[in-house]
Amino acid sequence: MKRDAAEVARLRRLDEDGPRPLDFEEFYTTHFPNLVAQACLYADNREFAHDAVQDALIDVYRRWNDIENPAAYAGVAVRRSIWTYHRGQQVAPLTAIAPDAVPLARDSSGRVI
């Protein structure tokens with residue numbers, strides 16, 4: 001696929017990580033190890049960190065032509081994926097209640113229900 005000079009210039013605009021890679025494969029190869037290392041800081045285990053990075057990179061791939069800074073976008077997407085997972089795993093602590101502390105419900109005939 002031949003690209004014109006304007007398209008190449010647009011794709012090579014500078015961001016915080018230097019020149020923008022021309023293709024997703026180059027971006028993936030360059031950034032995957034660092035994204036996994038970053039994800040391991042937030043994730044419970046390496047497998048989950050890998051999954052979070054893969055999910056983030058799928059999102060980056062789908063939006064590749066619209067994202068100005070793919071490295072920053074991927075980093076935020078990884079953290080958001082992990083935080084969303086952890087938020088869903090939070091459970092309110094249960095407090096034990098003594099059985100005799102709970103009043104029994106009775107119906108109109110006096111039977112316990």
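The numbering of the sequence shown is the UniProt record's numbering, which starts it at 1 and goes up by one. Ideal placement from N, C-alpha and C gives every residue a C-beta, glycine not left out.
Spatial neighbours of residue i in its chain, beta-carbon cut-off 8 Å, leaving aside the 5 residues before and after
i     : result
Val60 : Phe24, Phe27, Ile67, Pro70, Tyr73, Ala74 and Ala77
Glu47 : none
Phe32 : Val53 and Leu57
Per-residue burial, residue i [other beta carbons within 10 Å of its own, 16 or more giving buried]
i     : result
His86 : exposed
Gln38 : buried
Leu14 : Below a pLDDT of 50, predicted positions are generally treated as unreliable, and Leu14, at 43, falls in that range; no measurement from the model is reported.
Ala98 : exposed
Ala96 : exposed
DSSP state of residue i mapped onto helix, strand, coil
i      : result
Arg106 : strand
Ala71  : helix
Ala37  : helix
Arg46  : helix
Thr29  : helix
Leu94  : coil
Integer-rounded CB distance, given that residue j should sit under 8 Å from residue i
i     : j     : result
Asp55 : Ser81 : 5 Å
Leu35 : Val53 : 5 Å
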